[in-house]
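Sequence order for the protein chains is A and B.
Letter by letter, the first sequence follows residues 1 to 471 of my numbering.
Letter by letter, the second sequence follows residues 1 to 314 of my numbering.
The beta-carbon is built from N, C-alpha and C at its ideal position, and this holds for glycine as well.
Some notes on the structure that comes next.
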Amino acid sequence: MSTLAQASLLDRLFSRQEGSASRNFFISALWWSIWGMGAGMLAGAEFSMPDLIRNVPQLSMPHLRMWHVNAVAIGWLSMGYVGGIFHMVPTLCKTKLYSERLGNLTMWAWNLVMAGAFCTLLNGNTEGREYAELGAILDVLVVIGLVLVAFNVYMTIVQRKVKKLYVSLWYFLGSLFWFPLVYVIGQRTFVALPGLNDAIVGWFYGHNILGMWFTTVGVGMMYYLIPRYTKAPLYSHGLSMLGFWGIALFYAPTGTHHILQSPVPEWLKAIAVISSIFLLVPVLTVLTNFFMTMKGKWGLVATDMPLRFAVTSCMFYLVTCTQGPFQATRWVNWYLHFTQWVVGHAHLALLGTFSFILTSAIYYSIPRLTGKNWHSEGLIRGHYWLKFLGFCLMMTSLTTAGLIQSAGWAMGFPVDQWSLAIRPYWFLRAISGIMIVTGQLIFAYNLFKTLYTPATVSSADAKAKAREVKV
Amino acid sequence: MYGYRLGAIGIVTTFFIIIFSTVLMPMVLFTPKPSGRGNDYTAIPLKVADAKRGRQIYVREGCFYCHTQFTRIQDRGYGPLVKEGDYVYETPHQLGTARTGPDLTNEGGRFPSEWQKAHLIEPRKVKPGSIMPSFSYLSEGDMNDLVAYIQTLGNKRSVTSFVQAPDEYLLTTPQGRGLAARKSVDTNSDAAANAGRGIYTQNCAACHGLEGRGNGPNAITLEKKPPNLTRDFYKQYPDEFWFYRISEGVTGTRMPRFQEVLSEEQRWYLVAYLKTLPKEHEEVVDSLDKLNVVEPIHLPRLTRQQWEPHHGKE
């Protein structure tokens, strides 16, 4: 403590302490998740009570939605992912992070982006492009942040002490190459493409922020975490390579399946549909690998909470990635497109799968980064059940609402004829939002109590022990 | 690290091939010419309200999260199908991803501007059951521009038949041809309309009101209110669509299937009568020019009778 008090302001803001960048990224991610998910909850409530808030432009549903999407995508998931990468890459390389100070600088830049996004998006200062709403300055800052992260991680890899790269590193390195490029292409900040070309590039980005960043880093984290939880070696490194190259080849061209029935070129739609179906191959190989690694260890799920988060995430990954290819085929898309089913699918991927694996990574990493055990095991269980049940409720209500909408569109009925029928599901969705945000608040409280309780000697030992576990 | 050179080259190459094929190639190969049906917002003369600025407000308020702007082949009654050249001036694109609200591709001219404004301010007063947020915080200027933009949507698509009955009522199918062959009533004649009047009074007026304004005594008890059939929108209904609606009712509402009650001939008489219902809102806005010339936009008085006889629950 005394050293911290004497440290200069520079050292306190841009700490050189090992693991500080990763920890700070996790804390920031959690902070923005509460604001982002809270906005989602409020927007969900406005579906069932449209006159809940009036005459406040910042809290109208579309503005809340812009902020919700950006806060959970760029704030919660991306910042948490960087935190995870900053912890996992040095551990897998048996070395230190190239520069903790640079990492902390990136963390502040990223927080600046989020603060800017909060101020601009809620006021409707948007570029009007879905998932790329951020303004020009913030876009540039995000790219700078991503490049700094990539630089830091690549330099760490260069300094590694183990020769062979574990498959998680393949995923992290690939993602840090793909995502900055996808982001630069997808923003279209400084270009004005004609309508449909704008849509083609926009969905290349809109799908690949998921495909080349959330999926790849999330799967990399699963590859890191599951063998550690189960203390069993990975089932097959060959399969893991097959899965990696499958994602690298087939994920990126799928974007056009979002506009399958608009007048864009047919050959582009064909590429998108075919690659979408091929995605079943990497998904199934990846999950086979995980589930075979879990073989004989399924009982651990009962007691090991981080493992339970990870396994739940894998299960949701299986569901979302079997839904996806089928939704992308023309005849299923014909029926399901434009409905809340798709919203349910998006939440299944980002909330069910990647939010759960990130939560698992935070629960796993924080004791190893700070040397403190979690404040309360009971709160972790409470968080799990609130989030899990809340998410299941959200998923079922959105899916059911989507099927009702689909039936309405397919029969050619106007909106106001079937909109009354889905009111109960809007209501259930609002309740599920409250459950999920409560879970996240419990998570944040638990983290706060953990960090601000002085470390005991025994937990310092625990840290040392935890560091020794290597795959 | 040199052991991974091949892998790194593989990742970079595959990704650039994908960017080339799905991002760069469409930009070169897919350059649709303006079809003449999309709106060039810079070319619209500025009179009362600015449609170009209205589009920016549409973007700013995030309308595209719930409203789409492309019709699909299976969207019956949405007007003409969009073509690739319609979108040349649409940057950023507003195709949209979800239809929580209706599709707006051909929205221009469907409702009077004052209705659009009332709907933006008090969505549930003019459309009971709607879950659209109220945009009452928009300034007068913003609101006028936004309405001007909405009124341009799809305006240049030539509308021959806006709504179309299902195929089994049209001449494209054997059933439809049979129906037309059996039809003995001239639905444009006064005699047929007079014959239909009695049938209407007996069967329809209880809910739809004597003049078709949707204000019959039964309407009070219905959650989904009967429509105001005097609106402009209903003036473009072709005979087959009226016939289809009368025969098969309207799912999701209490409108019954009258083919169970009325004979085919009686239903055709009814069609003839419905076509003679009075027309509300004589000032039809079907192009921005007319909007700018005819209508200095006023904030509507939201008296309940003026906009919708039954305005839902208070």
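Using the beta-carbon count (16 or more within 10 Å), is residue 378 of chain A buried or exposed?
Position 378 of the first sequence, counted from the first residue, corresponds to residue 378 of chain A. Answer is exposed; the Cβ neighbour count stays below 16.
Quick one: does residue 172 of chain A have its CB under 7 Å from some CB of chain B?
For this step, residue 172 of chain A is matched to residue 172 along the first sequence. Answer no: the Cβ-Cβ gap between residue 172 of chain A and chain B never drops below 7 Å.
List in chain order: all unbroken alpha helix (DSSP H) runs of 4+ residues lying wholly within the segment 232-285 of chain B.
Fully enclosed alpha helix (DSSP H) runs of 4 or longer: 232-235, 239-248, 264-274.
Please confirm if residue 20 of chain B has its CB atom under 7 Å from at least one CB of chain A.
In the second sequence, the residue the question calls residue 20 of chain B occupies position 20. False, the Cβ-Cβ gap to chain A never drops below 7 Å.
In the DSSP assignment, what residue or residues form a beta bridge with residue 338 of chain A?
To locate residue 338 of chain A, count along the first sequence from 1; it is residue 338. DSSP output for residue 338 of chain A lists B:98 as bridge partner(s).
Count the other CB atoms, across all protein chains shown, that sit within 10 Å of the CB of residue 331 of chain A; report buried if there are 16 or more and exposed otherwise.
Numbered from its first residue, the first sequence carries residue 331 of chain A at position 331. Per the 10 Å Cβ criterion, exposed.
Taking 7 Å as the CB-CB cut-off, is residue 31 of chain A touching chain B?
Position 31 of the first sequence, counted from the start, is the residue given in the question as residue 31 of chain A. Taking Cβ atoms only, chain B never reaches closer than 7 Å to residue 31 of chain A, which makes this a no.
Can we count residue 126 of chain A as close to the ligand NAP, meaning its CB is less than 6 Å from some heavy atom?
You won't find the ligand NAP in this model; it holds no ligand whatsoever.
Determine the closest residue to residue 346 of chain A out of A:324, A:358, A:363, with distance taken between C-alpha atoms.
Position 346 of the first sequence, counted from the first residue, corresponds to residue 346 of chain A. Per the Cα distances, A:324.
If we ignore side chains and look at the alpha-carbon of each, how far apart do residue 227 of chain B and residue 209 of chain B end up?
The residue given as residue 227 of chain B occupies position 227 in the second sequence. The residue given as residue 209 of chain B occupies position 209 in the second sequence. When rounded, the distance between both Cα atoms is 10 Å.
If you measure beta-carbon to beta-carbon, which residues of the segment 232-264 of chain B are closer than 9 Å to chain A?
Listed in sequence order: 250, 251, 252, 253.
Please list the residues of the segment 51-77 of chain A that have a C-beta atom closer than 8 Å to any C-beta atom in chain B, keeping them in chain order.
Listed by position along the chain: 51, 54, 55, 56, 57, 60, 61, 62, 63, 65, 66.
Against residue 27 of chain B, what residues of chain A qualify as contacts under a CB-to-CB distance less than 9 Å, listed in chain order?
As a working note, residue 27 of chain B is residue 27 in the second sequence. What residue 27 of chain B touches in chain A: 193, 197, 200, 201.
Go ahead and label residue 452 of chain A buried or exposed: buried means 16 or more other beta carbons lie within 10 angstroms of its beta carbon, across all protein chains shown.
Indexing the first sequence from 1 puts residue 452 of chain A at position 452. Under this definition residue 452 of chain A is an exposed residue.
Give the secondary structure of residue 257 of chain A by DSSP, where H, G and I count as helix, E and B as strand, and everything else as coil.
Start at 1 with the first residue of the first sequence, and residue 257 of chain A comes out as number 257. If DSSP states are grouped into helix, strand and coil, residue 257 of chain A belongs with the helices.
I'd like to know whether the C-beta of residue 42 of chain A is nearer than 7 Å to at least one C-beta of chain B.
In the first sequence, residue 42 of chain A corresponds to position 42, counting from 1. Not one chain B Cβ lies under 7 Å of residue 42 of chain A.
For the segment 90-138 of chain A, list the alpha helix (DSSP H) runs that are entirely contained and at least 4 residues long, ordered along the chain.
Entirely contained in the segment 90-138 of chain A, the alpha helix (DSSP H) runs reaching 4 residues are, in chain order, 100-121.
In three-state DSSP terms, what is residue 52 of chain A?
On the first sequence, position 52 is the one that residue 52 of chain A refers to. Looking at residue 52 of chain A - three-state DSSP - the assignment turns out to be coil, as it is neither helix nor strand.
Using a Cβ-Cβ cut-off of 7 Å, state whether residue 416 of chain A counts as contacting chain B.
Residue mapping note: residue 416 of chain A aligns to position 416 of the first sequence, counting from 1. Output row for residue 416 of chain A: interface = yes.
Measuring CA to CA, which of A:282, A:236, A:271 is closest to residue 248 of chain A?
By 1-based counting over the first sequence, the position of residue 248 of chain A is 248. Out of A:282, A:236, A:271, A:282 has the C-alpha closest to the C-alpha of residue 248 of chain A.
Which ranges would you report for the alpha helix (DSSP H) in the segment 151-181 of chain A if only whole runs of at least 4 residues count?
List check, alpha helix (DSSP H) in window: nothing returned.
Residue 55 of chain A and residue 538 of chain A - do their beta-carbons sit closer together than 7 Å?
Outside the displayed span of chain A (1 to 471) sits residue 538 of chain A, for which this structure offers no information.
What are the residues in the segment 119-149 of chain A lying within 7 Å of chain B by C-beta distance?
Correct list: 124, 126, 127, 128, 129, 130.
Is the segment 223-242 of chain A close to the segment 55-68 of chain B, with three or more CB pairs under 8 Å?
Flag = no, the segment 223-242 of chain A and the segment 55-68 of chain B do not touch.
Starting from residue 433 of chain A, follow the alpha helix (DSSP H) in both directions and report where the run begins and ends.
For the purposes of this step, residue 433 of chain A is taken as residue 433 along the first sequence, with counting starting at 1. That run of the alpha helix (DSSP H) goes 423-451.
Under 7 Å between C-beta atoms, does residue 427 of chain A make it to chain B?
For this step, residue 427 of chain A is matched to residue 427 along the first sequence. It does not; no Cβ of chain B falls within 7 Å.
Answer with buried or exposed for residue 15 of chain A, where buried requires no fewer than 16 other C-beta atoms within 10 angstroms of its C-beta.
By one-based count along the first sequence, residue 15 of chain A stands at place 15. Residue 15 of chain A comes out buried.
Find the nearest neighbour of residue 318 of chain B within the set B:248, B:252, B:58, B:253, judged by alpha-carbon distance.
The structure shown does not extend to residue 318 of chain B, since chain B is modelled only from 1 through 314, so no value can be given for it.
Is there at least one Cβ from chain A nearer than 7 Å to residue 51 of chain B's Cβ?
Within the second sequence, the letter at position 51 stands for residue 51 of chain B. Output row for residue 51 of chain B: interface = no.
I need the DSSP call for residue 357 of chain A, collapsed to helix, strand or coil.
Your numbering for residue 357 of chain A matches position 357 in the first sequence. DSSP places residue 357 of chain A in helix when its eight states are reduced to three.
Identify, in the order they occur along the chain, each residue of the same chain with its Cβ nearer than 7 Å to the Cβ of residue 48 of chain A, setting aside the five sequence neighbours on each side.
For the purposes of this step, residue 48 of chain A is taken as the residue at position 48 of the first sequence. Answer for residue 48 of chain A: 423, 426, 427, 430, listed in chain order.
Judging by CA-CA distance, which residue of B:224, B:40, B:73 is the nearest neighbour of residue 337 of chain A?
Counting from 1 along the first sequence, the entry for residue 337 of chain A is found at position 337. Residue B:73 is the option with its Cα nearest to residue 337 of chain A.
How many angstroms separate the CA atom of residue 36 of chain B from the CA atom of residue 85 of chain B?
By 1-based counting over the second sequence, the position of residue 36 of chain B is 36. By 1-based counting over the second sequence, the position of residue 85 of chain B is 85. Residue 36 of chain B and residue 85 of chain B: Cα-Cα distance of roughly 8 Å.
Can you look up residue 89 of chain B in the DSSP assignment and give me helix, strand or coil?
In the second sequence, the residue the question calls residue 89 of chain B occupies position 89. Residue 89 of chain B falls in the coil class under three-state DSSP.
Tell me whether residue 259 of chain A is buried or exposed, calling it buried when 16 or more other Cβ atoms sit within 10 Å of its Cβ.
For this step, residue 259 of chain A is matched to residue 259 along the first sequence. By the 10 Å Cβ count, residue 259 of chain A comes out buried.
Can you confirm whether the segment 209-220 of chain B touches the segment 163-179 of chain B when touching is taken to mean that 3 or more C-beta pairs between the two stretches lie within less than 8 Å?
Verdict: no, contact absent.
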